[in-house]
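Chemist: Right, I'll just put the structure down here and ask away after.
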Amino acid sequence: MSKNLIETPSYPRADVDPPSGSLFPHKHLLGTWKMDPTSIKFLLDKAEKYVEQNRKAMKTTPICAGLTQINLFFENSTRTLMSFEIAGKRLGMDTISMSTASSSIKKGETLLDTADTLNAMHPDVLVVRHADSGAVQLLSEKMDCAVINAGDGRSEHPTQALLDALTIRRRKGRIHGQTIVISGDIAHSRVARSNIYLLNAMGARVRLVAPPTLIPKDIDRLGVEVFQHMDKGLEGADVVMMLRLQQERMQGAYLPSLREYYRFWGLTAEKLKYAKDDVLVMHPGPMNRGVEIASDIADDIDRSAIREQVEMGVAVRMACLDVLTRHLREEK
Numbered sequence: 005m006s007k008n009l010i011e012t013p014s015y016p017r018a019d020v021d022p023p024s025g026s027l028f029p030h031k032h033l034l035g036t037w038k039m040d041p042t043s044i045k046f047l048l049d050k051a052e053k054y055v056e057q058n059r060k061a062m063k064t065t066p067i068c069a070g071l072t073q074i075n076l077f078f079e080n081s082t083r084t085l086m087s088f089e090i091a092g093k094r095l096g097m098d099t100i101s102m103s104t105a106s107s108s109i110k111k112g113e114t115l116l117d118t119a120d121t122l123n124a125m126h127p128d129v130l131v132v133r134h135a136d137s138g139a140v141q142l143l144s145e146k147m148d149c150a151v152i153n154a155g156d157g158r159s160e161h162p163t164q165a166l167l168d169a170l171t172i173r174r175r176k177g178r179i180h181g182q183t184i185v186i187s188g189d190i191a192h193s194r195v196a197r198s199n200i201y202l203l204n205a206m207g208a209r210v211r212l213v214a215p216p217t218l219i220p221k222d223i224d225r226l227g228v229e230v231f232q233h234m235d236k237g238l239e240g241a242d243v244v245m246m247l248r249l250q251q252e253r254m255q256g257a258y259l260p261s262l263r264e265y266y267r268f269w270g271l272t273a274e275k276l277k278y279a280k281d282d283v284l285v286m287h288p289g290p291m292n293r294g295v296e297i298a299s300d301i302a303d304d305i306d307r308s309a310i311r312e313q314v315e316m317g318v319a320v321r322m323a324c325l326d327v328l329t330r331h332l333r334e335e336k
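Just so you know, the sequence shown maps onto residues 5 to 336 in the numbering used here.
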């Protein structure tokens, strides 16, 4: 696929299998594409309760005791994997994590064979991160249990978008009407796509800022405004969400140099003056300081919500695990 084409999300409503009476009518969490505001608000409200629980001395609850969560990560990850592990353990689940290095994929096993093997072990939730777009959906079609997308290719990373939304709602009081700038490597970012879908659904005004080589062609069809200059894009912004440069996914010359990138698109105090005085700064991590963002901005406790995003991640993932396994607990 050309680097400049939008990757069409592969998540129609195939994951919809509504449990009766549920405000989250999905069997899996594969993406935020076309996720309705009611479902989003339901998950965010549920996560709010877990934020409070996670700040107590006793953080665990046994509501998911006896259930099994498998984290299957085909890509390296630190914060997402740990966040899901902590979330599952705090709900009382038995959690097992597998990385590519320890999986039989390395020995030639296909993804579908892996799914068959895991299915035979009767997990209750499978959390998957994979380098290929659509791989998580393929697994969801073969598994009996709920499947959560922890990031697939350039497609989606729904729990990151949910934790970003929770952070914005807590700090700004609302998402609707906020002008939210997503800046950086849009072309390779599943975080950007999930945020675009979710923030649009919640009534935010979404802007994208990046050099031309990192903006997918026709992405304005997703209901966003596109800018190539930071000063114009940041003007009057309520929230600025910086993205990591994913150089490991770049083949060819996307940038003249990292120094040039920082000069024109790195977030600095000088550029941030174009945004509102109370602008909120976010970054999904890991950060490249001095490339995407200046250290004094990243560490500004009044403006930066980067550490808070990590905290919200655990609460959001607890909410997702809770909601997707609710029908199992009701069957007991």
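C-beta: ideal position from N, C-alpha, C; glycine also.
Only a predicted model underlies this, so the values are computations on that prediction, with no experimental measurement involved.
What did DSSP end up calling THR64 once you bin it into helix, strand or coil?
Modeler: Numbered from 1 along the sequence shown, position 60 holds the residue referred to as residue 64. Looking at THR64 - three-state DSSP - the assignment turns out to be coil, as it is neither helix nor strand.
Chemist: Closest to ARG209 by C-alpha separation, out of LEU226, SER193 and GLY35, would be which residue?
Modeler: The residue given as residue 209 occupies position 205 in the sequence shown. Comparing Cα positions, the closest option is LEU226.
Chemist: What residue from ILE67, ARG267, ARG174 and SER103 has the CA that sits closest to PHE77's CA?
Modeler: Sequence index remark: in the sequence shown, residue 77 carries index 73 (1-based). Comparing Cα positions, the closest option is SER103.
Chemist: Looking at THR36 and LEU202, is the spacing between their C-beta atoms short of 8 Å?
Modeler: Residue numbering aside, residue 202 sits at position 198 when the sequence shown is read from its first letter. Residue numbering aside, residue 36 sits at position 32 when the sequence shown is read from its first letter. With contacts defined by Cβ atoms closer than 8 Å, LEU202 and THR36 form a contacting pair.
Chemist: Please report the residue range of the alpha helix (DSSP H) in which LEU85 lies.
Modeler: Here residue 85 is taken as the residue at index 81 of the sequence shown, counted from 1. Unbroken alpha helix (DSSP H) run through LEU85: 83-94.
Chemist: Going by C-alpha distance, which of ALA205, LEU122 and HIS32 is nearest THR42?
Modeler: Stepping through the sequence shown from its first residue, residue 42 is reached at position 38. Nearest C-alpha to THR42: ALA205.
Chemist: Please classify GLY155: does DSSP put it in a helix, a strand, or coil?
Modeler: Position 151 of the sequence shown holds residue 155. DSSP places GLY155 in strand when its eight states are reduced to three.
Chemist: Taking the alpha-carbon positions, what's the MET322 to TYR54 distance?
Modeler: Reading the sequence shown from its first residue, position 318 is the one you call residue 322. Reading the sequence shown from its first residue, position 50 is the one you call residue 54. Near 7 Å, if we compare the C-alpha coordinates of TYR54 and MET322.
Chemist: Given 8 Å as the limit, is there contact between the segment 280-288 and the segment 234-244, that is, 3 or more CB pairs closer than that?
Modeler: yes
Chemist: Return the Cβ separation of LEU115 and LEU95 in integer angstroms, given the expectation that the two are a contact with Cβ distance under 8 Å.
Modeler: Here residue 115 corresponds to residue number 111 of the sequence shown, with the count starting at 1. Here residue 95 corresponds to residue number 91 of the sequence shown, with the count starting at 1. Contact doesn't hold; Cβ gap of about 27 Å is too wide.
Chemist: Buried or exposed: where does ASP128 fall if 16 or more other Cβ atoms within 10 Å of its Cβ makes it buried?
Modeler: Against the sequence shown, residue 128 aligns to sequence position 124. It is buried - the Cβ of ASP128 has at least 16 other Cβ atoms within 10 Å.
Chemist: What does the Cβ neighbour count give for ALA150, buried or exposed, with the cut at 16 atoms within 10 Å?
Modeler: For the purposes of this step, residue 150 is taken as residue 146 along the sequence shown, with counting starting at 1. Under this definition ALA150 is a buried residue.
Chemist: List in chain order: all unbroken beta strand (DSSP E) runs of 3+ residues lying wholly within the segment 243-311.
Modeler: Complete beta strand (DSSP E) runs here, min 3: 243-246 and 284-286.
Chemist: Helix or strand or just coil, what does DSSP make of ALA18?
Modeler: Counting from one through the sequence shown, the residue named residue 18 turns up at place 14. Residue placement at ALA18 cannot be trusted, given a pLDDT of 39 that sits under 50; the coordinates are not used to answer.
Chemist: Quick check on the DSSP output: the beta strand (DSSP E) that includes THR42 runs from which residue to which?
Modeler: Here the question's residue 42 lines up with position 38 in the sequence shown. From DSSP, THR42 is part of no beta strand (DSSP E) but of the alpha helix (DSSP H) over 41-58.
Chemist: Tell me whether VAL228 sits in a helix, a strand or coil according to DSSP, three-state version.
Modeler: Within the sequence shown, residue 228 is the residue found at index 224, counting from 1. If DSSP states are grouped into helix, strand and coil, VAL228 belongs with coil.
Chemist: Got a sec: does the ligand ZN put a non-hydrogen atom nearer than 7 Å to the Cβ of GLY237?
Modeler: No copy of the ligand ZN appears in this structure; indeed no ligand is present at all.
Chemist: Whose C-alpha, out of HIS192, ASP148 and LEU167, is nearest the C-alpha of ASP136?
Modeler: To locate residue 136, count along the sequence shown from 1; it is residue 132. Nearest of HIS192, ASP148 and LEU167 to ASP136, Cα basis: HIS192.
Chemist: Given a threshold of 16 other Cβ atoms within 10 Å of its Cβ, counted over all protein chains shown, does PHE28 qualify as buried or as exposed?
Modeler: In the sequence shown, the residue the question calls residue 28 occupies position 24. By the neighbour-count rule (16 or more Cβ atoms within 10 Å), PHE28 is buried.
Chemist: Among ASP117, ILE67, THR82 and ARG83, which has the Cα closest to the Cα of LYS93?
Modeler: Numbered from 1 along the sequence shown, position 89 holds the residue referred to as residue 93. The shortest C-alpha separation from LYS93 is found at ILE67.
Chemist: Could you check which residue in ARG293, GLY155 and LEU218 has the C-alpha nearest to that of ARG83?
Modeler: Mapped onto the sequence shown, residue 83 falls at position 79. Residue GLY155 is the option with its Cα nearest to ARG83.
Chemist: Output the distance between the C-alpha atoms of ILE219 and VAL185, rounded to the nearest integer angstrom.
Modeler: Indexing the sequence shown from 1 puts residue 219 at position 215. Indexing the sequence shown from 1 puts residue 185 at position 181. Between ILE219 and VAL185, the C-alpha separation is close to 14 Å.
Chemist: Pull the bridge partners of THR99 from the DSSP assignment, please.
Modeler: For the purposes of this step, residue 99 is taken as residue 95 along the sequence shown, with counting starting at 1. According to DSSP, THR99 bridges with GLN73.
Chemist: What are the boundary residues of the beta strand (DSSP E) that includes THR183?
Modeler: On the sequence shown, position 179 is the one that residue 183 refers to. That run of the beta strand (DSSP E) goes 183-187.
Chemist: How should ASN80 be labelled, buried or exposed, when 16 other C-beta atoms within 10 angstroms of its C-beta is the threshold for buried?
Modeler: Taking the first residue of the sequence shown as position 1, residue 80 is located at position 76. So ASN80 counts as exposed.
Chemist: In whole angstroms, what separates the C-alpha of THR183 from that of ARG211?
Modeler: On the sequence shown, position 179 is the one that residue 183 refers to. On the sequence shown, position 207 is the one that residue 211 refers to. Cα to Cα, THR183 sits roughly 7 Å from ARG211.
Chemist: By the DSSP assignment, the alpha helix (DSSP H) with ARG174 in it spans what residues?
Modeler: As a working mapping, residue 174 is identified with position 170 in the sequence shown. Segment 162-176, the alpha helix (DSSP H) holding ARG174.
Chemist: Below 6 Å CB to CB, which residues in the same chain sit around GLY317 once its five sequence neighbours on both sides are set aside?
Modeler: Looking up residue 317 in the sequence shown gives position 313. These residues qualify, in order along the chain: SER87 and LEU167.
Chemist: In the DSSP output, which residue or residues are listed as bridge partners for ALA150?
Modeler: Walking along the sequence shown from the start, residue 150 turns up at place 146. According to DSSP, ALA150 bridges with VAL129.
Chemist: Ends of the beta strand (DSSP E) at LEU212?
Modeler: For the purposes of this step, residue 212 is taken as residue 208 along the sequence shown, with counting starting at 1. Segment 209-213, the beta strand (DSSP E) holding LEU212.
Chemist: So LEU71 and LEU332 are supposed to be a Cβ contact under 8 Å. How far apart are they, rounded?
Modeler: Locating residue 71 in the sequence shown gives position 67, where the first residue counts as 1. Locating residue 332 in the sequence shown gives position 328, where the first residue counts as 1. Rounded to whole angstroms, the Cβ separation of LEU71 and LEU332 is 6 Å, and the two are in contact under 8 Å.
Chemist: Which of the three DSSP states, helix, strand or coil, is assigned to ASN8?
Modeler: Here residue 8 is taken as the residue at index 4 of the sequence shown, counted from 1. For ASN8, the predicted structure reports a pLDDT of 45, less than 50, and the residue's modelled location is therefore unreliable. The matter cannot be settled from this model.
Chemist: Where do the N-terminal and C-terminal ends of the alpha helix (DSSP H) with MET234 fall, by residue?
Modeler: What you label residue 234 is simply residue 230 of the sequence shown in a count that begins at 1. Run containing MET234: 234-238, per the alpha helix (DSSP H) assignment.
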